[in-house]
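Residue numbers 3 to 66, in the working numbering, belong to the letters of the sequence shown in order. Structure first, commentary second.
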Amino acid sequence: MATAYIGLGSNIGNKRGNIVTAAALLAERVGDVLALSDLYETEPWGFESENLFINAVVVLSTTL
């Protein structure tokens, strides 16, 4: 099994819920989630947007 570190981010809708849902879908379809970082609110980077981002990192074990 390989360990993968995947960055997640959302700036629309239920941003926190989107991150939690993404982590759950990764667990369901890709591999075992070993950890989910704290959620961090950040400014957009590289473009302008009125919406702040919620970002996190998920660590998972996968055969992919």
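Cβ atoms here follow ideal geometry from the backbone N, Cα and C, with glycine treated the same way. Being a predicted model, the structure only gives us computed values, none of them experimental.
Could you name the residues of the same chain whose beta carbon sits closer than 8 Å to that of Val60, not counting the 5 residues immediately before and after it, in chain order? Tyr7, Ile8, Leu10, Ala24, Ala25, Leu28, Val35, Ala37, Leu38, Ser39
Exposure label - Ala4; buried when at least 16 CB within 10 Å: exposed
Using a 10 Å radius around the Cβ and a threshold of 16 neighbouring Cβ atoms, would you call Ala12 buried or exposed? Checking the displayed sequence, the identity of residue 12 turns out to be Ser instead of Ala. The residue in question, Ser12, is buried, as its Cβ has 16 or more Cβ neighbours within 10 Å.
Cβ of Ser12 versus every heavy atom of the ligand ADP: is any distance shorter than 7 Å? Here there are no bound small molecules, and the ligand ADP is not part of this structure.
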